[in-house]
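Peer 1: I have a structure here, written as structure tokens, and I will follow up with some questions on it.
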Amino acid sequence: MQQTVLAISGKPGLYKLVSRGKNNLIVEALDATHKRMPAFATDRITSLSDIAMYTETDDVPLMDVLENMKNLEGGKKASINEKKASGQELRDYFTKVLPEWDQERVQNSHIKKLITWYNILVEAGITDFKDAAEAPAAEETPAAEEAPAAETPAKEAPKKEKKKK
Numbered sequence: 499m500q501q502t503v504l505a506i507s508g509k510p511g512l513y514k515l516v517s518r519g520k521n522n523l524i525v526e527a528l529d530a531t532h533k534r535m536p537a538f539a540t541d542r543i544t545s546l547s548d549i550a551m552y553t554e555t556d557d558v559p560l561m562d563v564l565e566n567m568k569n570l571e572g573g574k575k576a577s578i579n580e581k582k583a584s585g586q587e588l589r590d591y592f593t594k595v596l597p598e599w600d601q602e603r604v605q606n607s608h609i610k611k612l613i614t615w616y617n618i619l620v621e622a623g624i625t626d627f628k629d630a631a632e633a634p635a636a637e638e639t640p641a642a643e644e645a646p647a648a649e650t651p652a653k654e655a656p657k658k659e660k661k662k663k
């Protein structure tokens with residue numbers, strides 16, 4: 499899941515990687531429209547696994563923060579409305595999610611975006627934020643349950659070798 503869910507700078511929401519083209523990626527919106535579109539190299543495309551939140555000690559991967567939100571909310575949508583909540587309400591909520599967060603470097607807009615992304619992922623049915631290898635109960639689950647087929651990235655076409663003349 500981590501490698502296939504993308505954020506594209508300048509475009510709202512989250513996108514799922516569908517396919518790779520020669521000069522672009524084909525992505526599908528995770529909202530209700532499921533609109534597919536190309537994302538080019540000029541777009542700033544970031545995988546959710548590459549994002550981290552600032553804390554007082556080390557940066558915490560976004561997947562850990564999303565997992566904390568899922569545990570706090572019981573796997574349901576966020577109990578706070580990020581659009582109507584005041585700055586203090588957002589900060590109080592985020593303290594429940596990540597107690598050691600850096601209050602100087604994390605802005606209210608970051609918290610709003612995090613809550614929005616969490617709600618998009620939950621609505622899309624994506625709630626497995628940790629890789630099967632990282633999950634503590636990974637030894638107990640059979641291999642067939644670790645990686646659902648719907649969340650595996652599309653395979654790239656094999657590259658053709660050029661013949662020497």
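Quick note on the working numbering: the sequence shown kicks off at 499 and runs consecutively.
Virtual Cβ for every residue (Gly too), placed ideally from N, Cα, C.
#1: Which residue or residues does DSSP assign as beta-bridge partners of Pro465?
#2: Based on Cα-Cα distance, which residue from Gly511, Pro536, Lys520, Gln586 lies nearest to Ala530?
#3: So, with DSSP's three-state summary, where would you put Ser517?
#4: Using the beta-carbon count (16 or more within 10 Å), is Glu621 buried or exposed?
#5: What span of residues does the alpha helix (DSSP H) with Leu604 cover, start to end?
#6: Please report the straight-line C-alpha distance between Tyr591 and Ile578, rounded to a whole angstrom.
#7: Check the C-beta distance from Glu449 over to Leu588 and give it rounded, since I have them as a contact under 8 Å.
#8: Which residues bound the beta strand (DSSP E) around Glu580?
#9: Where does Arg542 fall in DSSP's three states?
#10: CB Glu554 to CB Asp600, shorter than 8 Å?
#11: So what's Glu571 in DSSP terms, helix, strand or just coil?
Peer 2: With the given structure in hand:
#1: Not covered by the structure: residue 465. The range shown for the chain is 499 to 663.
#2: Taking the sequence shown and counting its residues from 1, one reaches residue 530 at position 32. The residue from Gly511, Pro536, Lys520, Gln586 with its alpha-carbon nearest to that of Ala530 is Gly511.
#3: If you number the sequence shown from 1, residue 517 lands on position 19. Annotated three-state conformation of Ser517 is strand, per DSSP.
#4: Counting from one through the sequence shown, the residue named residue 621 turns up at place 123. Answer is exposed; the Cβ neighbour count stays below 16.
#5: One-based indexing of the sequence shown puts residue 604 at position 106. This sequence places Val at residue 604; Leu is not what is there. Taken as a continuous stretch (DSSP letters only), Val604 belongs to no alpha helix (DSSP H), as it is neither H nor E.
#6: Along the sequence shown, one-based indexing puts residue 591 at 93. Along the sequence shown, one-based indexing puts residue 578 at 80. Whole-angstrom Cα-Cα distance: 8 Å.
#7: A query on residue 449 cannot be resolved here, the shown segment of the chain reaching from 499 to 663 and no further.
#8: Position 82 of the sequence shown, counted from the first residue, corresponds to residue 580. Counting along the chain, Glu580 falls outside any beta strand (DSSP E), and DSSP gives it neither H nor E.
#9: Along the sequence shown, read from residue 1 onward, the residue named residue 542 stands at position 44. Note: Arg542 maps to coil in three-state DSSP.
#10: For this step, residue 554 is matched to residue 56 along the sequence shown. For this step, residue 600 is matched to residue 102 along the sequence shown. Yes, Cβ-Cβ distance for Glu554 and Asp600 is below 8 Å.
#11: Indexing the sequence shown from 1 puts residue 571 at position 73. Glu571 falls in the helix class under three-state DSSP.
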